[in-house]
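Heads up, the thing below is written out as C-alpha cells.
2 protein chains.
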Amino acid sequence: MKKLVVQKYGGSSLASAERIKAVAGRVAATREAGSDVVVVASAMGDTTDELIALARQVAKRPPERELDLLLHTGEVVSCALLAMALGDLGHEAVALTGFQAGIKTERRFGRARILAVNPHRILQELSAGRIPIVAGFQGFTDELDITTLGRGGSDTTAVALAASLGADRCEIYTDVEGVYTADPRVVPEARKLKDISYEEMLELAFQGARVMHTRAVEIGAIYNIPILVASSFTDAPGTLIHGEVDMERRNKVRGIAHDTDVAKVTVLGVPDRPGIAAAIFEPLAEAGISVDVIVQNASVEGLTDLSFTVSRNDLEKAFSLVRPVAREIGARGCVSATNLAKVSIVGAGMQNAPGFAARMFRTLASHNINIEMITTSEIRITCIISEDRVQEAVRALHRAFQLEKPD
Amino acid sequence: MKKLVVQKYGGSSLASAERIKAVAGRVAATREAGSDVVVVASAMGDTTDELIALARQVAKRPPERELDLLLHTGEVVSCALLAMALGDLGHEAVALTGFQAGIKTERRFGRARILAVNPHRILQELSAGRIPIVAGFQGFTDELDITTLGRGGSDTTAVALAASLGADRCEIYTDVEGVYTADPRVVPEARKLKDISYEEMLELAFQGARVMHTRAVEIGAIYNIPILVASSFTDAPGTLIHGEVDMERRNKVRGIAHDTDVAKVTVLGVPDRPGIAAAIFEPLAEAGISVDVIVQNASVEGLTDLSFTVSRNDLEKAFSLVRPVAREIGARGCVSATNLAKVSIVGAGMQNAPGFAARMFRTLASHNINIEMITTSEIRITCIISEDRVQEAVRALHRAFQLEKPD
C-alpha cells in the first residue's frame with residue numbers, strides 16, 4: 002500500500018510567495034517519491050499578529066467569536082496559495098478550510114479543542130489523485146461557527162489529521178532543524194537530538210521549548226503517530242518523536258528547557274484547613290487560566306503561604322480572581338512577581354536515579370543562583386529562579402549533564 | 002412592525018480601521034433610529050487586487066476554485082472587523098461568511114450566480130437582537146466549496162439578501178454620492194439624480210456607469226426592492242432606484258454613459274447564408290464571453306462583414322475562437338481593434354420619441370466624431386466611436402440634451 006504522510010508547514014516556512022513556491026517544491030518531491038501526502042499550512046509569516054493588531058485598532062476588546070473568524074482567514078490564504086503553487090508544478094491540489102476538512106471542535110473560541118475529524122472530503126480528494134492542503138489552527142462548531150485552536154494549533158491539526166487518516170507519519174516543518182538539548186540561542190554547543198520519546202518532548206514543550214505544540218505531542222502519543230520535526234529551509238534530518246524509548250538512552254538527561262513566561266502569585270498567611278486550595282484554584286480553572294507550579298509551605302502555627310505560577314498574560318486576571326478569595330478565607334494578603342523564569346531538566350527514567358535532582362541543585366548553587374520554587378514529574382525537575390539568571394543556569398546545567406556529548 | 006434595512010458598504014468605505022469605525026457608527030445610528038439592519042461588507046480597500054497579485058506571484062494561472070477560496074477571505078476580514086467595531090459601540094454584532102449566511106450559488110468559480118438564500122441564521126441573529134454582518138461577493142456550492150460572484154458581487158449579495166428577507170430597502174454605500182447624469186470626472190456640470198427606474202439604471206450600469214452591479218439591479222427589479230445609492234463619506238441624500246417611473250420624467254434622456262472597455266472583432270467577407278451567425282457566436286457563448294454590440298452589414302454579392310464588440314480582457318480569447326470558424330465558413334479574414342469606446346444616452350420612453358437618435362447623431366457629427374457602430378434598446382441608444390473622442394462626445398451630448406437642468 003502507498004504510504005501516507007501528513008506534512009505541516011509553519012508560518013516562517015510560508016512567509017513569502019518565494020517561500021510558498023519552495024514549500025510546494027518539497028510537497029511535490031514527496032509526492033513524486035511515491036507517498037500520498039496531506040499538507041497542513043499555517044498563516045504566512047506574521048499574518049496572525051497583523052490581524053490581531055488590526056482587531057485592536059477597531060475594538061478595545063474584540064469579541065472572541067469574531068476574532069476567531071478574523072484569524073482563520075490567515076491559514077485559508079496560505080492554503081489557497083500553496084495549492085496554486087502546486088498546480089503550477091503540475092500537481093493538482095485542493096485547499097480546504099478547517100470546516101471543509103471536517104475539523105470539528107468544541108465551542109470555545111481562541112483555544113478550542115478538536116472533538117472529531119471527519120476526513121471524508123480529504124479521502125475523496127486523495128482518491129481523486131489530488132493533494133489536500135488543509136488550513137491549520139482552525140475548526141468549526143455545531144453551529145457552523147469558526148473556532149481557532151490557540152497558538153501553535155496547526156501542529157495539533159496536523160497530528161489529529163494524521164491520526165484520523167491512519168497516516169504513517171506526521172512531519173512538522175518549521176524554522177528550526179529539530180529538537181535540541183537546549184535552546185541553541187542560549188547554549189551554542191546544544192546538540193540536535195536524533196529522536197526523543199513523546200513524554201520527553203511533552204515535558205520539554207511544556208517547559209518552554211517552543212519547537213512543538215504540547216497538545217499535538219499528546220495526540221501523537223495517544224495514537225502512536227511518529228512525528229518528525231525538521232526544517233523546511235534545509236534537508237537536515239530533523240528529530241523523530243516516537244514511542245520507542247531506546248534502553249541505552251534511559252536514565253539520562255535529554256534536554257534542558259527554560260521559559261521566561263512565568264509570573265508568580267503568593268497568598269500569604271493562609272489558614273491551614275481543608276478546602277482552601279480548592280477555593281483558590283476553582284475560580285482560576287473556571288476562567289480558563291492554566292496554573293503551572295504550585296507550592297505550599299509547611300504550616301507554621303496553622304498558617305501557610307501558597308504560591309503558584311501562571312503565564313504572564315494571565316497574571317492580571319489571576320490576581321484579580323485570587324484577591325477576593327484570599328480576603329474571604331482570611332488570608333493575610335496577596336503578592337505577585339514577574340521577574341521569574343523556570344529551568345527544567347528532562348529525561349525518561351529520571352525517577353529511578355536520585356542523583357539528578359542533587360546535581361541540578363548543586364550546579365545552580367555553585368553559580369550562586371537561588372531556587373525560589375521546585376517541582377518535579379516522573380521525567381522532569383523544574384526550578385523557578387530569577388529571570389536574569391536563567392541563561393546562565395541553562396548553560397551551566399547543559400555542561401553539568403554533558404549534553405554536548407553524542408548519545 | 003419594525004423596518005428592516007440591508008446596508009452594503011463598499012471597499013473604499015472600509016479601507017482602514019478608521020473607516021471601519023466610521024461605518025460602524027453609521028450602522029449603529031440606523032439601529033438606534035429604530036430599524037433592524039443587516040450589513041453586507043466588501044473587502045477593505047484594495048485587498049482583492051492585492052490577493053490576486055499574490056496569487057499571480059505563486060502561479061502563472063491560478064486555478065479558479067483556489068482563487069475564489071483565496072479572495073473570499075477579504076470580505077470575511079472586513080466583516081469580522083466591522084462586527085468588532087460595532088461591539089465597541091455597544092451593539093452586539095455577528096459576522097457571517099457567505100456560507101454561514103446561507104448564500105447558495107452555482108458551481109461556477111469567479112462569477113457564480115446566487116441560486117438561493119437560506120436566511121435561517123440571519124433571522125436567528127436578528128431575533129436575538131444582534132446585527133448580522135454578512136461577507137459580500139461570496140457563496141458556497143453543493144459540495145461546500147467557496148465561490149465568488151465576480152466584481153461588484155457584494156451589491157448582488159445585498160439585494161439578494163434584501164429580497165429573501167423581505168427588507169423594506171437596500172442601501173448601497175459607496176464612494177460616490179449617487180447616480181449622475183454622466184461621469185462627473187468627465188462632465189463637471191453632471192447632476193445627481195434624485196431617483197431613477199430599474200430599467201434606466203440597468204442600461205446605465207451596463208453601458209459603463211460603474212455605480213452599481215447590473216445583476217444587483219436586476220434582482221432589485223424582479224423583487225421590487227427599492228435601492229438607495231449613496232455615499233458613506235457624507236450625509237448627502239443619494240439616488241433611489243425603484244420601480245415607479247414618474248410620468249413627468251418619461252420621454253427624457255436621463256443620463257449619458259460611456260465605457261472604454263471595448264474591443265471590436267470584424268469577420269470580413271462572410272458568405273451570407275443561414276447558420277453563419279450561430280457558428281460564430283456559439284463558441285463565444287460556450288467560453289463565457291459576453292458579446293455586446295453586433296452589427297452585420299447589408300450583403301454585397303452574397304458577402305457581408307460581421308462585427309461585434311467584447312470587453313478588452315476577452316479579446317484575445319474571442320479572436321482565437323473566431324479565427325478558425327471564419328476559415329471553416331470561408332470568410333475572407335478577421336481583424337480586431339481596441340481603440341474604441343461606446344457612448345450611450347439612456348431614458349425610459351425614448352422608443353416613443355424618434356427625435357432622440359437624430360439629435361444624438363447630429364451632435365456627434367457637429368463635433369466631427371465618426372460613428373463606427375450603432376445599437377439601440379427600448380430605452381437606450383449607443384454609438385461606438387473612437388476612444389480618443391469619447392470624453393468630448395459625453396460632454397457634447399450632456400449639453401445637447403440639457404442634462405445640467407433639474408428634472
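Going line by line, the protein sequences match chains A and B.
If you count the first sequence from 1, you need to add 1 to reach the working numbering.
If you count the second sequence from 1, you need to add 1 to reach the working numbering.
Where a beta carbon is used, it is the ideal one built from N, C-alpha and C, also for glycine.
Where the beta strand (DSSP E) through proline 272(B) begins and ends: 256–272
Reducing DSSP to helix, strand and coil, say where aspartate 306(A) ends up. Here aspartate 306(A) sits in strand by DSSP.
Counting only beta-carbon separations shorter than 8 Å, does glutamate 67(A) have a partner in chain B? It does; some Cβ of chain B falls within 8 Å.
Counted within 10 angstroms of its Cβ, other Cβ atoms place proline 275(B) as buried (16 or more) or exposed: exposed
So which residues on chain A does isoleucine 21(B) lean against when the C-beta distance must stay under 8 Å? Result: Val59.
Supposed contact pair alanine 319(B) and isoleucine 226(B) - C-beta distance, whole angstroms, cut 8 Å: Contact doesn't hold; Cβ gap of about 35 Å is too wide.
Taking Cβ positions only, does glycine 50(B) come closer than 8 Å to chain A? Before going on, a small fix: residue 50(B) reads as aspartate here, not glycine. No, no contact with chain A.
Using the three-state DSSP reduction, which class does proline 325(A) fall into: helix, strand or coil? helix
Across the stretch 386–394 of chain A and the stretch 148–156 of chain B, are there enough close Cβ pairs to call them in contact, namely three or more that are closer than 8 Å? no
What are the boundary residues of the beta strand (DSSP E) that includes threonine 175(B)? In this chain, the beta strand (DSSP E) harbouring threonine 175(B) covers 170–175.
Return helix, strand or coil for serine 387(B), following the three-state DSSP convention. The three-state reading of DSSP puts serine 387(B) in strand, counting E and B together.
Out of Leu404(B), Asp273(B), Glu93(B), state which residue places its alpha-carbon closest to the alpha-carbon of isoleucine 330(B). If we check each option's Cα against that of isoleucine 330(B), Asp273(B) comes out closest.
Quick one: what's got a C-beta closer than 6 Å to alanine 81(B)'s C-beta in the same chain, skipping five residues either side? The answer, listed in chain order, is Ala96.
Check whether the Cβ atoms of histidine 92(A) and arginine 27(A) sit closer than 8 Å, and answer yes or no. no
What first and last residue would you give for the alpha helix (DSSP H) that runs through glutamine 125(A)? 121–128
Comparing alpha-carbon positions, which option in Ile281(B), Ala44(B), Ser308(B), Val38(B) lies nearest alanine 264(B)? Ser308(B)
contact_flag[the stretch 68–77 of chain B, the stretch 34–47 of chain A] where n(CB pairs < 8 Å) is 3 or more: no
Between the Cα of leucine 15(A) and the Cα atoms of Ser233(A), Lys4(A), Phe110(A), which residue gives the shortest distance? Ser233(A)
Let me see if you follow: with CB-CB separation under 8 Å, is threonine 74(A) close to chain B or not? yes
With respect to the alpha helix (DSSP H) encompassing isoleucine 220(A), which residues constitute its N-terminal and C-terminal limits? 215–224 is the extent of the alpha helix (DSSP H) around isoleucine 220(A).
Using DSSP bridges, identify the partner residues of arginine 381(B). Beta-bridge annotation (DSSP): arginine 381(B) is paired with Val347(B), Ser378(B).
With 8 Å set as the bound, which would you pick, yes or no: does the beta-carbon of leucine 55(B) sit closer than that to a beta-carbon of chain A? Flagged as an interface residue toward chain A: leucine 55(B), by a C-beta distance shorter than 8 Å.
Going by the beta-carbon positions, is the gap between isoleucine 21(B) and valine 59(A) smaller than 8 Å? Yes, the pair counts as a contact, with Cβ atoms nearer than the cut-off.
Tell me which residue opens and which closes the alpha helix (DSSP H) that valine 28(B) is part of. 18–33
Which chain B residues sit within Cβ distance under 9 Å of alanine 113(A)? Within chain B, no residue comes near alanine 113(A); the closest Cβ sits about 16 Å away, beyond 9 Å.
What are the start and end residues of each continuous alpha helix (DSSP H) run of 4 or more residues lying completely inside the stretch 81–105 of chain B, in chain order? none
Option nearest lysine 343(A) by Cα separation, candidates Leu87(A), Thr48(A), Asp293(A): Asp293(A)
Which residue's Cα is closest to the Cα of arginine 328(A): Asn298(A), Ile382(A), Gly270(A), Gly167(A)? That would be Gly270(A), whose Cα lies nearest to the Cα of arginine 328(A).
Using the three-state DSSP reduction, which class does proline 238(A) fall into: helix, strand or coil? coil
What's the gap between the Cα of valine 187(A) and the Cα of arginine 363(A)? Distance from the CA of valine 187(A) to the CA of arginine 363(A), rounded to the nearest whole angstrom, comes to 21 Å.
What span of residues does the beta strand (DSSP E) with glutamine 139(B) cover, start to end? 139–141
Per DSSP, cross-strand counterpart(s) of valine 336(A): Thr267(A)
Tell me which same chain residues have a C-beta within less than 7 Å of the C-beta of threonine 74(A), skipping the five on either side of it? none
Helix, strand or coil for glycine 116(B)? Go by DSSP, reduced to three states. Inspection of the sequence shows that residue 116(B) is occupied by leucine rather than by glycine. If DSSP states are grouped into helix, strand and coil, leucine 116(B) belongs with the strands.
Identify which residue in His259(A), Asp306(A), Asn314(A), Asp262(A) has its Cα closest to the Cα of arginine 333(A). Asp306(A)
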